[in-house]
Amino acid sequence: MSSLALVTGASSGIGAAFAERLAGDGYDLIVVARRRERLEALAASLPTEVRVVTADLSTDEGIDTVAELCASRPLTMLVNNAGVAHYMPMDQLPAAKARELVNVKVTAPTMLTRAALPGMITRGAGTVVNVAGMLAFSGPSAQKAGRAVYAGTLAHSVAMSQTLHAELAGTGVNVHVVCPGVVATEFHEVQGLDLSAVPRMPAEDVVTAALTGIELGETVSAPSVEDYGLLEAVFAADLDAFGAQSPRLASRYRAG
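End of the sequence shown sits at 256 in our numbering; the numbers just go up one at a time, nothing left out.
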């Protein structure tokens, strides 16, 4: 049986790069996005069997359509890549855009992963790849105004991936999250941002980092960070803080 991957947000950028790499590696594909013409052009260029699915993952209907595919098809890999940004201060963020962002980056990956897991666990093999970003680690910074909701969705992706990876230990199912920096795609242009003068990583390098990171046993890959020890220090500090809990109120919060 051929390996089968489902890739969301496959009409351009990182999603298209994942589709091209996986097809080159012999995967049959289900490619998902809102722009059918782009998907059909991509499918025609690939050497393996490709099913085109037009779906809007900001809607319940779109999520349910793709979740049904995740549940019913023998996926070897699920790539949760679809994304929107909507960079603006939260008090100015229209409710519809806030909902779209959370649906695409939190609800959709959660529901698609939930749908795919039972089959993967039964087969004893499978990989879920979530595409997040380095803004997941930007919470302590005061310099990223207008990105609170977006950064929060990425941090959710990192925490969910790490926790789920541990939850699935021994099942043969792997969960990985890739956190690129600024990538040379249409993503920022859609937001009206001109980053043409900013050095940007090719989308193909992000895919290489994710797939190589999986081989290296990383749960979180960071394509643009040379010293992985920096991320390991972040994760160790997280665990230190978690492990330092006590039922006793910390002294700094006690009156007097």
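Ideal Cβ positions, reconstructed from N, Cα and C, are used throughout, including at glycine.
Item, Value
"Measure from the alpha carbon of serine 11 to the alpha carbon of each residue in Leu164, Gly24, Ser2 and Ala44, then state which is nearest.", "Ala44"
"Based on the DSSP secondary-structure assignment, which residues constitute the bridge partners of methionine 201?", "Val183"
"Run through DSSP, which three-state label would aspartate 28 get?", "strand"
"What number of angstroms, rounded off, separates the C-alpha of cysteine 179 from the C-alpha of glutamate 40?", "28 Å"
"Please go through the same chain and pick out, in chain order, the residues whose beta-carbon is closer than 7 Å to the beta-carbon of methionine 90, but skip the five residues on each side of it.", "Ala148 and Val149"
"If you count every other CB in all the chains shown that lies within 10 Å of the CB of proline 223, and 16 or more means buried, which is it?", "buried"
"Taking a contact to mean a Cβ-Cβ separation below 8 Å, would you say valine 79 touches alanine 23 in this structure?", "no"
"Return the first residue and the last residue of the alpha helix (DSSP H) that methionine 120 is part of.", "108-123"
"Going by beta-carbon coordinates alone, are alanine 71 and glycine 126 separated by less than 8 Å?", "no"
"Check whether the segment 23-36 touches the segment 50-57, counting contact only when three or more Cβ pairs, one atom from each stretch, lie closer than 8 Å.", "yes"
"Using DSSP's beta-bridge definition, name the partner residues of valine 149.", "Answer is none; valine 149 lacks a bridge partner."
"Label tyrosine 253 either buried or exposed according to how many other C-beta atoms from any shown protein chain fall within 10 Å of its C-beta, with 16 as the threshold for buried.", "exposed"
"Let's test the definition: count the other Cβ atoms within 10 Å of the Cβ of alanine 255 and tell me whether it reaches 16, buried, or not, exposed.", "exposed"
"Nearest-angstrom Cα distance between alanine 82 and arginine 36?", "14 Å"
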